[in-house]
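From first to last, the protein sequence lines stand for chains E and B.
Okay, so the first sequence: first residue is 1362 according to the numbering used here, each after it adds one.
Okay, so the second sequence: first residue is 5 according to the numbering used here, each after it adds one.
This report refers to the structure that appears directly beneath it.
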Amino acid sequence: SQELEQSPQSLIVQEGKNLTINCTSSKTLYGLYWYKQKYGEGLIFLMMLQKGGEEKSHEKITAKLDEKKQQSSLHITASQPSHAGIYLCGAVVMEYGNKLVFGAGTILRVKS
Amino acid sequence: NAGVTQTPKFRVLKTGQSMTLLCAQDMNHEYMYWYRQDPGMGLRLIHYSVGEGTTAKGEVPDGYNVSRLKKQNFLLGLESAAPSQTSVYFCASSYGTSGAGYTQYFGPGTRLTVL
């Protein structure tokens, strides 16, 4: 969606390195969902953020929603081959009602 | 719990042919969605349903029809397939709206090629 910009589009990291993926909107986000997709498979829910400044973690993945609620970041610590895949952000933007609009995704490859 | 299932997994059609994609969920969710995923464009909403017997248009509804005759099933139909409908189709379901904090759960996808 043009409403959401994900960066970078793709990245390759060495196993053990940290990385960050960003999801930026020109409009206020009323909910931000992070999903992971493996090639040829469906989307797996990772985390959901609603409040400005909110931060959630699961295993080695941390997601934050900035105070102004227009950008979210997904940070992976000590990356592993199992982290490889496509990361998508989906956002609730008031202009689109209660539906999710998705970014184009970030392709992550982890070299071992 | 199977979650969200989709059939078929793969399909090849010729231009002008018709087909129906089936989505089933066993989580008693009210909301169901059909998306298409194309390279570089993320997921785009085709149609959605807020309950049995209801359907509504999403962002890219042209060329598709849907039906929700049973709460657990959501069908996506292509009456006359076109090469532009070559895509990966995902079904999702949720208990409530995304704006209210309800997560959408996705099926494994159907890879459709229209020749």
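Using N, Cα and C, we set each Cβ at its ideal position, and we do this for glycine too.
Keep in mind the model is a prediction, meaning the values are calculated, not measured.
DSSP state of Ser-98/B mapped onto helix, strand, coil: Taking the second sequence and counting its residues from 1, one reaches residue 98/B at position 94. Ser-98/B: strand per DSSP, three-state reduction.
Candidates Ile-1422/E, Lys-1430/E, Gln-1441/E, Gln-1367/E: closest to Val-1454/E by CA position: Here residue 1454/E refers to the residue found at position 93 of the first sequence. Closest by alpha carbon: Lys-1430/E.
Top-ranked residue by Cα proximity to Pro-65/B, from Arg-15/B, Met-36/B, Gly-100/B, Arg-48/B: Here the question's residue 65/B lines up with position 61 in the second sequence. Residue Arg-48/B is the option with its Cα nearest to Pro-65/B.
is_contact[Gln-1411/E, chain B] using C-beta, thresh 8 Å: The count along the first sequence starts at 1 and reaches residue 1411/E at position 50. Judged by the 8 Å Cβ criterion, Gln-1411/E is in contact with chain B.
The stretch 66-85 of chain B in contact with the stretch 32-51 of chain B per 3-pair CB rule at 8 Å: yes
Contact set for Gly-81/B: own chain, Cβ-Cβ below 8 Å, skip 5 residues either direction: The residue you call residue 81/B lines up with position 77 of the second sequence. Once the five neighbours on either side are set aside, the close Cβ partners of Gly-81/B are Ser-22, Met-23, Thr-24, Leu-25, Tyr-68, Asn-69, Val-70, Ser-71.
N-terminal and C-terminal residue of the beta strand (DSSP E) that Asn-1383/E is part of: If you number the first sequence from 1, residue 1383/E lands on position 22. Taken as a continuous stretch (DSSP letters only), the beta strand (DSSP E) holding Asn-1383/E covers 1380-1386.
Chain-ordered neighbours of Leu-26/B on chain E, where CB pairs are closer than 8 Å: Within the second sequence, the letter at position 22 stands for residue 26/B. Here the premise fails: no neighbours, minimum Cβ distance about 15 Å.
Reference Leu-79/B, options Leu-17/B, Gly-57/B, Val-16/B, closest by Cα: By 1-based counting over the second sequence, the position of residue 79/B is 75. The candidate whose alpha carbon is nearest that of Leu-79/B is Gly-57/B.
Buried or exposed (CB count within 10 angstroms, at least 16 for buried), Leu-1393/E: Translated into positions along the first sequence, residue 1393/E becomes position 32. So Leu-1393/E counts as buried.
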